[in-house]
Amino acid sequence: MVPLKEKDKPIIQKLLSAGCCARCVLRFCCVSVQAAYRQRQEDTLRELQEFISGAGNGKDQASTEENKSHDAAASEAPEDPPSKRSKLEPTGVPSQTGEDAAAGVCVACLGILQNLCGTEQAVKIAEAVKFQNYQFDTLVLSISLPAQLCVREHSSWLHVKKEVREKGLVLDKDDVIQVKEAFKWIMQGLVAKELGGVAVITKASSFEVGVEFTHPETDSDCHFLATACPDCFKYTKNKQSVFTRMAVVKALEKISDANFLKNYPSPPSQPASSCVAQDVQCLHMSVFVAGRYNKFCRSLPQTPWLIDGERRMESSVEELIATPILSVFRADGFNFSASGREDVDVRTLGNGRPFAMELLNPHRTRFSRVEMKQLQETINKSSEKIRVRDLQVVNREAMSRMKEGEEEKTKTYTALVWTQRPIQREDITFIDDIKDLTLDQKTPLRVLHRRALAVRQRVIHSMNTRFLDAHHFHLGLKTQAGTYIKEFVHGDFGRTKPNLCELLKTDSDILELDVESVDVDWPPAIPE
Numbered sequence: 020m021v022p023l024k025e026k027d028k029p030i031i032q033k034l035l036s037a038g039c040c041a042r043c044v045l046r047f048c049c050v051s052v053q054a055a056y057r058q059r060q061e062d063t064l065r066e067l068q069e070f071i072s073g074a075g076n077g078k079d080q081a082s083t084e085e086n087k088s089h090d091a092a093a094s095e096a097p098e099d100p101p102s103k104r105s106k107l108e109p110t111g112v113p114s115q116t117g118e119d120a121a122a123g124v125c126v127a128c129l130g131i132l133q134n135l136c137g138t139e140q141a142v143k144i145a146e147a148v149k150f151q152n153y154q155f156d157t158l159v160l161s162i163s164l165p166a167q168l169c170v171r172e173h174s175s176w177l178h179v180k181k182e183v184r185e186k187g188l189v190l191d192k193d194d195v196i197q198v199k200e201a202f203k204w205i206m207q208g209l210v211a212k213e214l215g216g217v218a219v220i221t222k223a224s225s226f227e228v229g230v231e232f233t234h235p236e237t238d239s240d241c242h243f244l245a246t247a248c249p250d251c252f253k254y255t256k257n258k259q260s261v262f263t264r265m266a267v268v269k270a271l272e273k274i275s276d277a278n279f280l281k282n283y284p285s286p287p288s289q290p291a292s293s294c295v296a297q298d299v300q301c302l303h304m305s306v307f308v309a310g311r312y313n314k315f316c317r318s319l320p321q322t323p324w325l326i327d328g329e330r331r332m333e334s335s336v337e338e339l340i341a342t343p344i345l346s347v348f349r350a351d352g353f354n355f356s357a358s359g360r361e362d363v364d365v366r367t368l369g370n371g372r373p374f375a376m377e378l379l380n381p382h383r384t385r386f387s388r389v390e391m392k393q394l395q396e397t398i399n400k401s402s403e404k405i406r407v408r409d410l411q412v413v414n415r416e417a418m419s420r421m422k423e424g425e426e427e428k429t430k431t432y433t434a435l436v437w438t439q440r441p442i443q444r445e446d447i448t449f450i451d452d453i454k455d456l457t458l459d460q461k462t463p464l465r466v467l468h469r470r471a472l473a474v475r476q477r478v479i480h481s482m483n484t485r486f487l488d489a490h491h492f493h494l495g496l497k498t499q500a501g502t503y504i505k506e507f508v509h510g511d512f513g514r515t516k517p518n519l520c521e522l523l524k525t526d527s528d529i530l531e532l533d534v535e536s537v538d539v540d541w542p543p544a545i546p547e
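Just so we're aligned, residue 20 is where the sequence shown starts under our numbering, counting upward by one.
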């Protein structure tokens with residue numbers, strides 16, 4: 020039995036007469052018992068009609084047995100409830116008794132709670148989820164409603180507002196049960212059943228199934244608000260329409276009741292058709308994969324190298340790693356990040372550079388350690404230019420560790436240096452004794468097109484040298500992250516001070532550079 024009070028009778032009468040469906044009547048009566056929304060629309064309507072006519076009610080509600088007898092009598096009566104044919108044929112003017120309320124499309128929910136939340140809709144949702152073949156343990160059901168539903172709900176509320184006040188009910192518009200909430204109460208169990216008992220929950224889940232409803236017939240319902248509250252509607256390039264749900268809600272909060280009623284009917288006019296359910300959209304939260312990579316090639320950029328829309332290198336570290344990962348996770352896309360970056364002509368050796376990938380909308384999300392090891396081998400076999408290690412799935416919080424202390428971490432390099440003036444072994448040994456050399460580095464000319472002009476202080480913690488011949492030696496450096504090594508060696512026309520040219524008192528240049536280590540203790544090492 021629907022929990023209703025004597026004070027609800029005139030409100031129910033007005034809403035049914037206005038063309039509201041039975042479930043919307045419950046919403047405006049602030050009924051929060053979920054089971055009341057799950058029972059058949061026809062049964063709820065019959066209960067409402069009996070309630071306002073006095074059938075099955077005395078001073079107090081009748082007993083369960085009496086209710087059953089009234090239900091049986093109602094089902095035998097030819098005019099109560101209406102025949103199936105009458106329900107399918109919209110009526111021009113709603114009946115004052117409420118008996119024909121189910122015949123037309125609900126003026127408040129535009130048919131969503133009336134015709135579009137039941138077993139048939141649950142089957143469609145479940146089939147769409149199964150077809151897209153996601154891995155998930157629980158799901159959240161979301162619903163997107165046309166913005167004009169807010170206008171119609173406001174109009175319906177104003178229609179009963181006077182009755183609410185006169186009956187002394189301590190209710191406000193915010194107390195009305197939302198269409199989204201009622202829809203979920205009805206549909207969650209039905210969808211779970213169709214998916215074989217998968218938990219459909221209301222709290223956060225990594226997997227979301229969205230149902231969007233549109234109603235082109237009433238799109239213009241919102242238009243008067245643009246004139247009444249023009250500051251609520253701003254045109255932007257990214258929006259298909261200014262009449263977003265948030266903008267409409269904001270406008271309805273500002274507009275006075277009198278102004279609203281001058282521009283929009285209360286109750287709303289009855290539409291000729293129900294809302295249209297769009298394709299079911301499935302979205303899995305991002306999954307994060309981390310590891311370390313080595314780069315052995317001096318003609319491979321970290322990310323795709325495009326200049327004026329033209330590719331300059333056939334591949335990149337990012338693409339060589341991402342392609343196999345995207346394939347096995349069946350993700351729609353990715354975002355790649357690393358702990359710093361090396362130039363296209365710089366190798367990354369040693370234990371490699373930490374990297375992480377955010378996989379967007381992955382369809383497969385569960386991988387064993389053995390499977391991740393196999394994926395790592397697949398990447399390594401795909402190219403001799405790179406190698407990946409410690410490949411693993413991490414959570415979003417762990418991602419931040421890669422960027423923590425970006426300025427504090429250290430890196431170790433080996434550079435092949437050329438000097439214009441001939442040198443002896445003794446000419447470079449003093450470099451080994453230099454510790455914690457502070458540099459002032461103006462943004463290098465080669466990156467000025469993508470980085471702001473600034474002077475950055477960086478520290479070279481230590482250096483060591485290995486003499487090769489009169490014009491060449493190897494220079495090892497341990498530096499603060501973000502130090503421009505090439506610019507330290509050749510000076511960048513004096514933009515880095517001090518520089519190696521000044522220390523050696525001769526022009527010098529860098530011929531080759533290798534990253535030997537990136538001293539970040541992340542991600543955790545995985546034994547080979």
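The C-beta atom is built at its ideal place from N, Cα and C for all residues, glycine as well.
Per-residue DSSP class, three states only, for Phe449: Note: Phe449 maps to helix in three-state DSSP.
Give a yes or no on whether the C-beta atoms belonging to Val539 and His493 are separated by under 9 Å. Not a contact, by the Cβ cut-off of 9 Å.
Cutting at 7 Å between CB atoms, please list the residues of its own chain near Met482, excluding the five before and the five after it. Excluding residues up to 5 positions away in sequence, Ile450, Asp451, Ile453, Leu494, Gly495 and Leu496 lie with their Cβ nearer than 7 Å to the Cβ of Met482 in the same chain.
From His178 to Thr63, what distance separates their C-alpha atoms? Near 22 Å, if we compare the C-alpha coordinates of Thr63 and His178.
Check the Cβ-Cβ distances between Ser481 and every residue of chain B, and say whether any is below 9 Å. In the structure shown, chain B cannot be found, because there is only a single protein chain.
The alpha helix (DSSP H) with Pro343 in it runs from where to where? Element bounds for Pro343: Val336 to Phe348.
Taking the straight line between their C-alpha atoms, what separation do you get for Phe202 and Gln499? Phe202 and Gln499: Cα-Cα distance of roughly 57 Å.
Cα-Cα separation between Val268 and Cys169, rounded to whole angstroms: Taking the straight line from one Cα to the other gives about 7 Å.
May I ask which residues mark the beginning and end of the alpha helix (DSSP H) holding Arg331? In the DSSP assignment, Arg331 falls outside any alpha helix (DSSP H) and carries neither an H nor an E.
Fully enclosed by the segment 187-275, which alpha helix (DSSP H) runs are 4 residues long or longer? Whole alpha helix (DSSP H) segments, 4+ residues: 198-213, 242-247 and 264-273.
Report all residues from its chain with a CB closer than 6 Å to the CB of Pro463; omit the five preceding and five following residues, and keep chain order. The answer, listed in chain order, is Tyr503, Glu506 and Asp511.
Within 10 Å of its beta-carbon, does Thr384 have 16 or more other beta-carbons around it, so buried, or fewer, so exposed? By the Cβ neighbour-count rule, Thr384 is buried, with 16 or more other Cβ atoms within 10 Å of its own.
Could you check what DSSP says for Val179 in three-state terms: helix, strand or coil? Residue state, collapsed to three classes: helix.
Could you check what DSSP says for Leu397 in three-state terms: helix, strand or coil? It is worth fixing the name first, because residue 397 is Thr in this sequence and not Leu. Helix.
Would you decide whether Trp467 is buried or exposed? Buried here means 16 or more other CB atoms lie within 10 Å of its CB. One detail in the question is off: residue 467 reads as Leu in this sequence, not Trp. By the 10 Å Cβ count, Leu467 comes out exposed.
Could you give the distance in angstroms between the alpha-carbon of Val52 and the alpha-carbon of Ala218? Here the alpha carbon of Val52 sits roughly 21 Å from the alpha carbon of Ala218.
Using a 10 Å radius around the Cβ and a threshold of 16 neighbouring Cβ atoms, would you call Glu108 buried or exposed? At Glu108, the pLDDT of 32 sits below 50, so the modelled position is not reliable and the matter cannot be decided from this model.
DSSP state of Leu530, grouped into three classes? If DSSP states are grouped into helix, strand and coil, Leu530 belongs with the strands.
Tell me whether the beta-carbon of Ile274 lies closer than 9 Å to the beta-carbon of Ala247. With a cutoff of 9 Å on beta-carbon distance, Ile274 and Ala247 are scored as near each other.
My parser needs the alpha helix (DSSP H) runs of 4 or more residues fully inside the segment 470-523; what are they? Counting only runs of 4 or more, we get 504-509 and 519-523.
Could you give the C-beta distance for Cys48 and Gln133, rounded to a whole number, given that I count them as a contact under 8 Å? Going by Cβ atoms, the distance from Cys48 to Gln133 rounds to 16 Å, so no, they are not a contact pair.
Cα-Cα separation, Glu200 to Pro343: Glu200 and Pro343 have their alpha carbons spaced roughly 41 Å apart.
Where does the unbroken alpha helix (DSSP H) through Phe150 begin, and where does it stop? Boundaries of the alpha helix (DSSP H) around Phe150: Thr138 to Gln151.
Counting only the same chain and skipping the five closest in sequence on each side, list residues whose C-beta sits under 8 Å from that of Thr484. Closer than 8 Å at Cβ, skipping near neighbours: Ile447, Thr448, Ile450, Asp451, Phe492, His493, Leu494 and Gly495.
Does DSSP put Pro29 in a helix, in a strand, or in coil? Of the three classes helix, strand and coil, the one that applies to Pro29 here is helix, per DSSP.
Anyone know if the C-beta pair for Phe307 and Val413 falls short of 9 Å? Yes.
Can you give me the C-alpha to C-alpha distance between Asn282 and Gly352, rounded to a whole angstrom? So the alpha carbons of these two residues sit roughly 46 Å apart.
What would DSSP say about Ser17, mapped onto helix, strand or coil? Given that the chain is displayed from residue 20 to residue 547, the structure contains no residue 17 and the question cannot be resolved.
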